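Just so we're aligned, residue 34 is where the sequence shown starts under my numbering, counting upward by one.
So the structure is just underneath, and the comments pick up after that.
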Amino acid sequence: MLAPFAAARDLLVSIPGINERVAEIIIAENGADNTVFPTTGYLSSWAGTARATMNPADV
């Protein structure tokens, strides 16, 4: 099932902390073609991992 995405999985596995299972989950969730995200910030925001900037005055 993931055979067409083997290259993407191998690339993700090269990141420290990402094993094959995690790479497969990442590919399953957002696919191997990340051109739909103009920047890495868009992808991290979509994935819910973007850093939030909080202004103390807004609290």
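All C-beta atoms in this analysis are idealised placements derived from N, C-alpha and C, irrespective of residue type, glycine included.
Note that the coordinates shown come from a computational prediction; the quantities given were computed from them, not determined experimentally.
- A residue is called buried when at least 16 other Cβ atoms come within 10 angstroms of its Cβ; Ala85 does not meet this threshold and is exposed.
- The Cβ atoms of Ala83 and Ala65 lie no closer than 9 Å to each other.
- Assignment of Thr82 by DSSP, reduced to helix, strand and coil, places it in the coil class.
- DSSP places Ile59 inside the alpha helix (DSSP H), whose first and last residues are Glu53 to Asn63.
- Contact annotation, Leu35 with Ile60: C-beta distance approximately 7 Å; criterion of less than 8 Å satisfied.
- Note that the C-beta distance between Asn63 and Ala80 is below 9 Å.
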